[in-house]
Amino acid sequence: AEAVSVIDVDSDASDDLTRILEAGRYVRLLKQGEDTGLTPEPEHLSAAWKALEENMALVPSGEVVPACGAHADTEGVLVPALYIDRYAVTNEQFAAFVADGGYNNTDLWPEEAWAYLPQFVDQFGYPAPRYWQRGLPPADRLDHPVTGICWYEAKAYALWAGKRLPTSVEWERAGTWPTNLDEGRFGLKYPWGNSFSPDRANLWSTGIFKTVPVTEFPLGAAPNGVYQLIGNVWEWVDEEYAGPAVRDGLKIALPQRMAEVRGGAFDTYFETQATCRFRTGKPRLFRGPNVGFRCVVSAGELRDYDA
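Residues in the sequence shown are numbered consecutively from 129, following the numbering used here.
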């Protein structure tokens with residue numbers, strides 16, 4: 129009988145590529161010029177594309193007119209096409225970063241954060257999110273958004289995964305891009321439309337008062353299947369928060385560097401603070417129970433699908 133032809137793949141390299149995929153770092157195989165030290169075979173690339181399509185959603189390029197900030201209501205900002213996580217990063221996903229030694233890999237952290245790394249520990253002093261125990265997430269909340277992580281921790285995870293945090297306008301574009309031209313130049317107030325309903329997002333008015341799994345509230349999803357941009361947890365974005373404008377562009381001086389958060393959380397009382405256009409901020413080192421994050425990657429950074 130004729131021998132079956134097989135691809136001769138270095139088994140160790142193949143195992144390393146498989147581990148990258150299993151850890152949720154599929155984007156690292158898809159980014160052009162990403163130096164993993166490994167050469168992915170077609171089957172690895174196919175698996176990576178499948179993982180991206182299952183876990184991320186395409187946000188088409190378009191204009192955002194920010195409600196506040198330097199371009200507030202005056203000029204549009206063109207946002208190139210990007211892929212955004214369908215769900216906020218979960219405890220289970222973040223556990224892969226912890227297990228891979230993410231807190232000990234200084235390549236993932238800006239030099240300004242090195243002095244703070246000993247503070248990024250859990251209830252028992254293990255390098256991990258604040259509310260974990262002995263380096264492990266709560267077993268009954270694996271599918272909840274990871275919280276108790278500061279802005280630097282979110283950035284480090286994103287870099288480890290081959291992704292990044294969204295900019296403010298990218299996050300807003302993901303939540304407000306119009307489903308038709310009638311929505312107008314300013315986009316939507318919510319991912320589902322312009323009227324709030326408590327069955328679409330986990331806010332104070334919903335009556336749950338804690339986080340829920342990232343797959344809940346499907347009625348609040350964006351048209352492309354991005355869940356919980358509004359509610360459950362605020363989301364860190366890659367934007368400095370300079371404080372609210374008082375008048376004529378003047379800002380209140382802030383005592384420490386802050387990063388922007390978007391979307392509202394389970395404990396957000398005022399629904400006006402839980403829209404896709406509302407901005408506020410938290411200190412970069414804030415590790416609270418109501419702030420998580422999701423990641424993005426620019427569509428233009430990815431290999432061709434048939435590469």
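The C-beta atom is built at its ideal place from N, Cα and C for all residues, glycine as well.
Just so you know, the alpha carbons of P411 and E169 end up roughly 43 Å apart. For S426, the enclosing beta strand (DSSP E) has its first and last residue at 424 to 426. A distance below 7 Å separates the beta carbons of L293 and V365. Distance check between V389 and each of A349, C404, P255, W288 places C404 closest, using alpha-carbon atoms only. In the structure shown, P255 adopts extended strand secondary structure according to DSSP, grouped into three states. Taking the Cα of S189 as reference, the smallest distance to any Cα among G229, E298, W177, Y231 is reached at E298. Looking at the backbone, the Cα of S333 and that of G204 are separated by about 33 Å.
If the five residues before and after V274 are omitted, its C-beta is found closer than 7 Å to the C-beta atoms of V217, T218, N219, F222, P257, G420, all from its own chain and listed in chain order. From the listed residues A350, L331, M386, the smallest Cα separation to F398 is found for L331.
Excluding its 5 nearest sequence neighbours in each direction, V340 has C-beta neighbours in its own chain below 8 Å: H272, N330, N360, F394, listed in chain order. For A179 and W279, the gap between their C-alpha atoms comes out near 26 Å. R156 and N183 do not touch by the CB rule: their CB atoms are close to 14 Å apart, not below 8 Å.
Under the DSSP assignment, P208 falls outside any alpha helix (DSSP H); it carries neither an H nor an E label.
By the CB criterion at 7 Å, Q160 and R431 fall inside the cutoff.
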